[in-house]
Amino acid sequence: MKRKIGIIILLLILIYLIVLFIDKSIYKNYSKDLFYMDTYINIKLNTTESKKEIDVIFDDIDYLYSSYHKLTDRYHEYDGIINAYYLNELLPDNKEVIIDQRLADIIDIGIDYYNQTNGLFNIASGNLTEVWKEFIDDCAILPTTEDLNVNIDITDIKLNGNSYMKDNNVKIDLGAIAKGYVTELVGNYLEDNGIYSYVINAGGNVKVGNAYGKESFVIGITDPNDTSSIFTRVNINNKSVVTSGNYQRYCMLNGINYNHIINPKTRYPVADKQSVTVIGNNSVIADIYSTYLYILPLEDGLKLVNSNPDIEAIWYIDKDNIVRSDNFNYE
Amino acid sequence: MNRSDLKIIAFIILLALVLYLGLNLMKKEGNIASIYYEDDLLMTVDLNTDKEYVVSGQLGDVILEVKNGKIRVKEENSPRHLCSLQGYTNSSSKPIICLPNKIIIKVSNVSDIDGVVY
Amino acid sequence: MTTKRITTIAMLTAISVVIAIIESYFAFLNSIVPGLKLGLANVIIVLTLYRYNFKTALLVSIMRVFIVSLIRTGFGLNFFFSLVGAIFSIVAMVLVKKTKLSIIGVSIVGSICHSIGQVLIGIMILDNNNIVYYLPYLLLFSIPTGVVIGMIAKKVLAYDIFKN
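Protein chains in written order, with my numbering: chain A, 1 to 331; chain B, 332 to 449; chain C, 450 to 613.
Here it is as structure tokens:
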């Protein structure tokens, strides 16, 4: 009898060891919610790592989003941080300041894409987006042409390494690039730490890794006419998906939708489509292109995407007119 | 088969029945919404019963309404009422996010969608 | 360990492996309720437990899990689930063997603990509480399998083909 009990105890220890062993080898789901960059960020991971290790990783991700949030924030001041607010509101014209390399990198990409998009993607349009933001918030009196005649000349920004200087009170607006930029960083950070199966959803700026246990991740694209449902879905691995739409931030006045995406050439909100969704390998580029393609007329955008094998796009012009690029083949 | 065997069979059938009923009462057909303030679970609500709930968010009370198996934010104090504009949801792939109030409503049901771009 | 004992263990293991492999072709049960299986190989375990002793039965049971994994299912997650299930089952059976339960009752308890063991480890490891919803079905299903296994084991013991 005593020996029997001994064997049973040994067996229980064996079971315990098996549990420990499997725990190390099995894929588990983790999820984390964050609030930064005026948006809700959700990160889902599928990994063999233990909760303890993942908590460290989530803390690092929290730090990444929070530090970039502070750097790119144009509405708030933070102690000891030279951020977009400082550059826009506190820095006098023609005075050089040394900025954080991380912020300089983002501005650099912005300037680069200004040139690549013939000025349609303009991070120097802070003065203009400010006018429209005020209007959208109150939704009362349309800005006059005079109100809109503000300086958005990107050449007034002089960035040399990480030395920043501005002129004519030009203001930067990194809203169309920051989320994509950090999301890309976070994705790379996860992969560097051996986590390949993940979904990062930063306010609709989605980046996914390699699906585990199934063919691919399924990402739905919101229906602009019924934002509680989706109009199509895509099956992707190792891609980023970003949507720009007229339903995200807007004001309806006299039957006209004034949304937050402003064409810097016309200085008015884009009104000829409801949403554009871009799928790309890189979250920054997908983020930038979703804004760019939203501003660009459909024909030009279609031509552009069809000549670029790295990017897929779907245009929701209206309920009856949905256009896909040649390589956008799902469902 | 003796009487003890029959007893244990009866016990198991009873146990299975109790478990089945108990679990199904708790389960509510998967239509549960969880209300979070940031990362903290405030409460879970049953979407099968039409009812209103009040939770406190960053900017004050947020009133939630459950109707016909769906949930929405009925009233809240944010400057632009974006989260009441988001309407009803009954899908896990479409959480309602009240940003200024930091309230998240997640419906827990099985969804084949991993995320939604919006 | 005598040659006879080694031969006996080898023979019992061989029979239970063959039964388990034949049974693995009825894997469709698993798609109805995960973890659901006939567990006919348990006949040999129950038999061994009654005819020989706990240690022999344990040895046969664990060897069976190893060999079946080796030739059929591989050493993935299923292997560990089977191993834990087998251990749970045999420990439970040896614990209730001394009570008033007949061989059928003991075999029912074995079947049930096989399921419960797997569900428990599933909850612990997969962190998926939904597995618990299968428990009532697994419990109910273990009654007929337990009865059948117990009856077969009883019949075979009566013939006493393992007589020394």
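We put the beta carbon where it would ideally sit given N, CA and C, even for glycine.
Check: For valine 376 of chain B and lysine 359 of chain B, the rounded distance between their alpha carbons; Outcome: Low per-residue confidence applies at lysine 359 of chain B: pLDDT is 49, beneath 50, and the placement is therefore not dependable, though the value from the model is reported in the following sentence. Whole-angstrom Cα-Cα distance: 10 Å.
Check: Rounded straight-line distance, which links the Cα of isoleucine 82 of chain A to that of tyrosine 16 of chain A; Outcome: 53 Å
Check: Segment contact flag, the segment 132–152 of chain A with the segment 177–195 of chain A, C-beta cutoff 8 Å, min 3 pairs; Outcome: no
Check: Burial state of threonine 380 of chain B (16 or more Cβ within 10 Å); Outcome: exposed
Check: Isoleucine 436 of chain B at chain A interface by Cβ criterion, 8 Å; Outcome: no
Check: Best match in A/Val56, A/Asn238, A/Asn306, A/Ile295 for proximity to valine 199 of chain A [C-alpha to C-alpha]; Outcome: A/Asn238
Check: Span separating the alpha-carbon of lysine 338 of chain B from that of asparagine 355 of chain B; Outcome: 26 Å
Check: Per-residue burial, methionine 252 of chain A [other beta carbons within 10 Å of its own, 16 or more giving buried]; Outcome: exposed
Check: CB contact below 8 Å: leucine 45 of chain A versus chain C; Outcome: no
Check: Status (buried if at least 16 other CB within 10 Å, exposed otherwise) for valine 349 of chain B; Outcome: exposed
Check: Range of the contiguous beta strand (DSSP E) that encloses methionine 252 of chain A; Outcome: 250–253
Check: Neighbourhood of serine 518 of chain C by C-beta, 8 Å cutoff - its chain only, sequence neighbours within 5 removed; Outcome: Phe524, Asn527, Phe528, Ser531
Check: Threonine 497 of chain C burial status per 10 Å Cβ neighbour count (16 or more: buried); Outcome: buried
Check: Within chain B, partners of valine 581 of chain C - CB distance below 9 Å; Outcome: Leu350, Leu354
Check: Test item: CB-CB of aspartate 336 of chain B and serine 510 of chain C under 8 Å; Outcome: no
Check: Host alpha helix (DSSP H) of aspartate 108 of chain A (start-end); Outcome: 101–116
Check: Contact list for isoleucine 561 of chain C against chain B, beta-carbon separation under 7 Å; Outcome: Ile343
Check: Contacts that leucine 550 of chain C makes with chain A (C-beta to C-beta distance below 8 Å); Outcome: In chain order: nothing, as chain A lies at least about 17 Å away.
Check: Selection from A/Leu45, A/Pro264, A/Ile57, A/Ser66 that minimises the alpha carbon distance to leucine 34 of chain A; Outcome: A/Ser66
Check: Cβ-based neighbour list, glutamate 396 of chain B, same chain, cut-off 6 Å, excluding 5 preceding and 5 following; Outcome: Glu383, Arg403, Lys405
Check: Below-8 Å beta-carbon distance, lysine 359 of chain B vs any chain A residue; Outcome: Its pLDDT being 49, under 50, lysine 359 of chain B is placed unreliably by the model, and the measurement read from it follows with that caveat. By this cut-off, lysine 359 of chain B is not an interface position.
Check: Distance between beta carbons of leucine 159 of chain A and alanine 104 of chain A, contact taken as under 8 Å; Outcome: 6 Å
Check: The segment 211–228 of chain A in contact with the segment 465–474 of chain C per 3-pair CB rule at 8 Å; Outcome: no
Check: Own chain partners of leucine 190 of chain A with C-beta closer than 6 Å, once the 5 adjacent residues on each side are dropped; Outcome: Tyr198
Check: Any chain C beta carbon closer than 8 Å to leucine 11 of chain A; Outcome: yes
Check: Three-pair Cβ contact test at 8 Å for the segment 584–601 of chain C versus the segment 558–567 of chain C; Outcome: yes
Check: Candidates A/Gln274, A/Ala286, A/Ile285, A/Asn257: closest to aspartate 320 of chain A by CA position; Outcome: A/Gln274
Check: Contact set between valine 466 of chain C and chain A, taken where Cβ atoms lie within less than 9 Å; Outcome: Ordered by position in chain A, no residue passes the 9 Å Cβ test against valine 466 of chain C, which lies about 21 Å from the chain.
Check: Neighbour-count burial assignment, histidine 76 of chain A, 16 or more Cβ in a 10 Å radius; Outcome: exposed
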